[in-house]
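To start, the structure under review is shown below, and the notes come after it.
Residue numbers (the numbering used here): 7 to 134.
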C-alpha cells in the first residue's frame, strides 16, 4: 500500500483524489500538524511509515545532515500545480520511484527530471 503524508503547501484535495485510487493519504492540516516544524512532520512520517511529499527543500536538508535512513521524502519543484495535477504527477512517477522510496530516498521532481538520492546521504555522496 502506498502511504503518503502531504505537507501544508500541497492541496488537501490531492489526498482525496489519491485516496479514490486506494492510496493511503494524510494531509498535515487534517491531523493537527499544519503549524508543525519540518522535523515534527518528518518524525510523524517516520512513525507512521509514510513517505512525506512537500514543496520545501528543508526536508531534504534535515535528512542529509542527520544521515537519516527514513522517512523518504518527495520534493515537488513545479510551480502552479493544482490538486489534480499533483495527484496525476505522483501516480505517473510512482512506478519509477517506488523501490527507492521503499528503501529510503530523497526524491526531487522537476519539470524535466526526477533526481534520487538514497538514504542515508553519506559524506562521500555529498561530495560527489
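No residue lacks a Cβ here, since even glycine has one placed at the ideal position from N, Cα and C.
Close CB contacts of residue 51 within its chain, under the 6 Å cut and outside five residues either way in sequence, are with 11, 58, 77 (chain order).
Contiguous alpha helix (DSSP H) elements confined to the stretch 33-59 occur at 44-53, taking only those with 4 or more residues. Look at residue 7 here: in three-state DSSP terms it is coil, with no helix or strand label. The alpha-carbon of residue 55 is positioned some 28 Å away from that of residue 85.
Here residue 61 really is in contact with residue 15; their C-beta atoms are around 4 Å apart, less than 8 Å. The beta-bridge partner set that DSSP reports for residue 108 is empty. CA-to-CA, the gap between residue 108 and residue 101 works out to about 12 Å. The C-alpha of residue 32 is placed about 9 Å away from the C-alpha of residue 22.
From the listed residues 35, 122, 19, the smallest Cα separation to residue 87 is found for 19. For residue 126 against residue 49, the beta-carbon gap comes to about 17 Å, at or over 8 Å, which does not count as contact. DSSP places residue 64 in the helix class (H, G or I) of the three-state scheme.
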